[in-house]
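With this note's numbering, you'll find the sequence shown wraps up at 420, consecutive numbering, no jumps. As structure tokens, the structure follows; a few thoughts come after it.
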Amino acid sequence: MPLVCALVLLATVAHAARTPSISTLKAQAATGAIDADVGQPDGMAVDKRQPPTKLEFRCPKGLFIQERASKQLPGPGQHFSFGALVEWTEILRQLDARPTAKLLLLVRHGQALSNWLGDLLGPDEWYKWESKCAYENDTEAAEPPPPINLFDAELTTTGQEESKALNGMLAAGGWWAKLTGGHPVEAIVSPLSRCLQTAELVMQGIKVTKISVEENIRETLGEDSCDARRSVSSPADDDDPSSLEGPCEFDQGLAKKYPKFRFPVVNDTERQMRRTGLLDKRHGGSDKPEGLGFGMITDSDTMWTVKREEQKHQVKRAVRFMKDVFDLVEGRVAIVVTHSGTVRSLLLAVGREPYRPQNTELVPLLVDEIKPIDGGVNDDEIWSVAAVHEL
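Below, the structure is given as structure tokens:
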């Protein structure tokens, strides 16, 4: 293993080793060392963005340390027991006690070239390059180094090792069985290269019933070329190659570059009608009609723009995705390989505080829909741990 990768992995392990156990956290809460709801030490930067006031989904409280981002956490990185503050058998019991609930295992991709370069250059210098297709350094040298591709940024060697390390924890370490409790699991992946590559490595030897690629869980759209995607088709195979190219040129489309995945183009207009109830959900007798499942909105990338997407718009994308999860995922558990901005927006969409995960960090999310009940009111009572115990 290259020295730099070994150092990164050692640092990751060190972070995990410093994370206190559940019993330690409870003891600290009892003595007042941290908030009783479990928090993090003073001095860490906190994301102050708040959830939308009208929610369509809800989560039980007090299950995961990532819920209390504003109270601060023990430290960044993969948390002990993936952040669970109770035993995983209790989390799975609560999942089973709520027949319509879902357990989502949100995984941020491994380190990408854009992550590495942004850290290396610092924010001021990175700002000059973030919208460029490639980074070119020392161009006046007699033999200048090759440019570093930023468009649809791929994993670094470190990112690959991070993904393999998570796979080792889930598969060989026995955590997959502990997290899922034997439930069938579907996988849903962002169509950006760093997520597709992460998913391939993380899910090796792990059984999933289905793997889907979904456009709505892409990173915050616009401005950064690393967040633009390649088309499904390869430009060279099309009669009009320019119609498939986005802000940067590329040779291989998604279908050719990643043959292990399927990239269906869905009818997003009808999919939105289905979400809002305007389209008969039976749709001619089919519960899961072709063209209305997870997939790509168009062959080419029509979502990316030169202007950066606002947080409220990304939260709306997250809500659409959550509706599709409850409509399309047949089982109770799904693993979602996505981005830090998407994880934050998904948490906001379900009423949790925004939390920024590290590369390949897994953030669990137990969530249920808020549905109308008798009398025309919403079933929107606080879904607390105590309330679930009474079910």
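Glycine residues also receive a C-beta, built at the ideal position from the N, C-alpha and C atoms. Note that the coordinates shown come from a computational prediction; the quantities given were computed from them, not determined experimentally.
So, at 6 Å on beta carbons, what are the nonlocal neighbours of residue i in its own chain, with the 5 sequence-adjacent residues on each side left out?
| i | result |
| --- | --- |
| W145 | T185 |
| I139 | For the sequence presented, residue 139 should be read as Gly rather than Ile. So the qualifying residues of the chain are L184, G188, E191, S192, T227, N388 and T389. |
| E159 | D253 |
| T60 | Here T60 scores only 41 on pLDDT, less than 50, and its place in the model should not be relied on; the value that follows carries that caveat. For T60, where only same-chain residues beyond five positions count, there are no Cβ hits under 6 Å. |
Identify which residue in the options has its Cα closest to the Cα of residue i.
| i | options | result |
| --- | --- | --- |
| A182 | A201, Y164 and S192 | Y164 |
| P293 | L376, I240, P213 and P175 | I240 |
| A347 | L391, V214, L132 and E243 | E243 |
| K131 | S143, F111, I177 and F86 | F86 |
| D397 | G370, F355, A194 and V372 | F355 |
| M302 | G322, R291 and K286 | G322 |
| M332 | R258, R361, I94 and V231 | R258 |
| T298 | T327, Q95, I246 and G275 | T327 |
| E248 | E278, E215 and Q340 | Q340 |
For residue i, name the three-state secondary structure that DSSP assigns.
| i | result |
| --- | --- |
| F279 | coil |
| P293 | coil |
| R137 | strand |
| M302 | helix |
| Y164 | strand |
| T118 | helix |
| K352 | helix |
| K131 | strand |
| N196 | helix |
| R247 | coil |
| E191 | helix |
| E252 | coil |
| R87 | strand |
| G106 | coil |
| L184 | strand |
| K285 | helix |
Please state if the CB of residue j and the CB of residue i are separated by a distance shorter than 8 Å.
| i | j | result |
| --- | --- | --- |
| L114 | L150 | no |
| G324 | V295 | yes |
| T334 | L273 | no |
| Q107 | L376 | no |
| L199 | I235 | yes |
| R137 | V372 | yes |
| A216 | I120 | no |
Using beta carbons (cut-off 8 Å, strictly below), is residue i in contact with chain D?
| i | result |
| --- | --- |
| S99 | The chain labelled as chain D is not found in the depicted structure, where only one protein chain is given. |
Just to confirm my understanding: we take residue i, look at its own chain, exclude 5 residues before and 5 after, and list those with CB closer than 7 Å. What are they?
| i | result |
| --- | --- |
| E229 | K289 |
Unbroken alpha helix (DSSP H) runs of length 4 or more, entirely within the stretch 317–403: which are they?
340–357 and 369–378
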